[in-house]
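Residue numbers (the working numbering): 180 to 422.
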Ligand code: NDP
């Protein structure tokens, strides 16, 4: 088991890629803290993990309006687990696909809050717990539009670029010791978000979240101990490592 008794936290664990990552981590022996907005969805993921003999706890938290509750979450995790080995900042929203000149200010700020500010606050507040792990790993979820802006992708593209940049800053500040920071670009994956961006697309033609989750497992495991400040592209990684 690659994550035996590791304490892991996955945001957006109630659906899509986050749910697949949570299930995979649990199947590899980890405790998984399931963080997300919708309690019922987290309970579904938790039920799946328990049914498979895994261990999970749910942490319902709205990463838009509940950021002030993160210190309370950190305290609760400290009391229950004492440390944190893996943090996956996966939760995100697409916002809307529209020309920048029409982008609404409120939506712009909402996308930034969930996609950038929340991963920053979570990482900062959970840092004391991460520092207690002998090999902590933080994995941030990027996107192809993080590396080159794309017309009509508005706030989403800008937030993913910011997340990539912030990951490099974190990685630079922890360059050779302790916590590792990397990003994963899942690439097109059959989830609700992808369907929102490409409503006409047949999801059967896309990789499933379960496939993409393998890259997150790699970055969470000791097999990537020397991988720091890197941006992994799931498609490339899966091609080279699993086929
Ligand atoms: P989904 O829409 O399926 O999942 C997004 C998750 O984020 C949901 O579980 C959602 O919870 C959670 N979330 C959204 N807003 C909040 C909030 N305010 N507070 C707490 N949780 C919230 O999308 P994906 O699985 O596709 O996306 C996962 C990550 O992968 C994202 O960061 C996305 O940008 C990235 N990505 C996805 C790609 C794809 O093709 N699918 C391609 C490139 C990147 P709830 O449902 O309860 O709101």
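Quick reminder that beta carbons are idealized off the backbone N, C-alpha and C, glycines included.
Buried versus exposed, by CB contacts within 10 Å (16 or more), residue 361: buried
Helix, strand or coil at residue 190 according to DSSP, with G and I counted as helix: strand
Contained alpha helix (DSSP H) runs [length at least 4] in the region 290 to 353, N- to C-terminal order: 297 to 309, 333 to 352
Does the distance from the CB of residue 257 to the CB of residue 312 come in under 7 Å? no
Burial state of residue 316, where buried means 16 or more other Cβ atoms lie within 10 Å: buried
Suppose the cutoff is 8 Å on Cβ atoms and the five residues either side in sequence are ignored; what does the same chain contact list for residue 392 look like? 196, 199, 200, 202, 203
Does residue 229 pass the burial test, meaning 16 or more other C-beta atoms within 10 Å, or should it be called exposed? exposed
Measure the Cβ-Cβ separation of residue 342 and residue 323 and say whether it is below 7 Å. no
Minimum length 3: unbroken beta strand (DSSP E) runs contained in the region 201 to 273: 210 to 215, 234 to 239, 265 to 268
Own chain residues within Cβ distance below 7 Å of residue 238, not counting five before or after: 212, 213, 214, 252
What is the rounded straight-line gap between the Cα of residue 381 and the Cα of residue 413? 20 Å
Less than 7 Å between the beta carbons of residue 187 and residue 209, yes or no? yes
May I ask which residues mark the beginning and end of the beta strand (DSSP E) holding residue 359? 359 to 364
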